[in-house]
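In the working numbering, the protein residues as written are 3 to 132.
Notes follow once the structure below has been shown.
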């Protein structure tokens, strides 16, 4: 049985890769893998282990690729508005799992989109550093 930390990391991996997985397994050719993806999401939502599902999708062996950003839709509108002056207006911190069930932490620049938890279908919560 994986440790709690492993489980958190696996949930973070699933959450960050879910949009890519759904795009990769569209249509009739991806039907079998799409079922594995959806079973992984159901297990994550139920608080069950997801390691077997991630292994079936080939994600546990490729954990080093988790920092790679998938190519995606760049037309989403969750970007913050532009700042009028060029002075420092940053609040340091990271976006974290909104339900606190995984270890995902995403830092974003002002021109990046708001990170989303694909497992629970909600935006990640911003956690400011003190």
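No residue lacks a Cβ here, since even glycine has one placed at the ideal position from N, Cα and C.
Buried or exposed by the 16-neighbour rule on C-beta atoms within 10 Å, applied to residue i
{"i": "residue 101", "result": "exposed"}
{"i": "residue 112", "result": "exposed"}
{"i": "residue 18", "result": "buried"}
{"i": "residue 48", "result": "exposed"}
{"i": "residue 75", "result": "With a pLDDT of 49 at residue 75, under the threshold of 50, the modelled position of this residue cannot be trusted; read the value that follows with caution. The residue is exposed, with fewer than 16 neighbouring Cβ atoms inside 10 Å."}
{"i": "residue 14", "result": "buried"}
Run of the alpha helix (DSSP H) containing residue i, from where it starts to where it stops
{"i": "residue 123", "result": "Taken as a continuous stretch (DSSP letters only), residue 123 belongs to no alpha helix (DSSP H), as it is neither H nor E."}
{"i": "residue 55", "result": "53 to 58"}
{"i": "residue 38", "result": "33 to 47"}
Distance between beta carbons of residue j and residue i, contact taken as under 8 Å
{"i": "residue 11", "j": "residue 105", "result": "5 Å"}
{"i": "residue 107", "j": "residue 98", "result": "6 Å"}
{"i": "residue 45", "j": "residue 52", "result": "5 Å"}
{"i": "residue 131", "j": "residue 94", "result": "5 Å"}
{"i": "residue 121", "j": "residue 43", "result": "6 Å"}
Start-to-end residues for the beta strand (DSSP E) that takes in residue i
{"i": "residue 93", "result": "Premise fails: residue 93 is in no beta strand (DSSP E) and is neither H nor E."}
Residues bridged to residue i (per DSSP)
{"i": "residue 130", "result": "95"}
{"i": "residue 108", "result": "97"}
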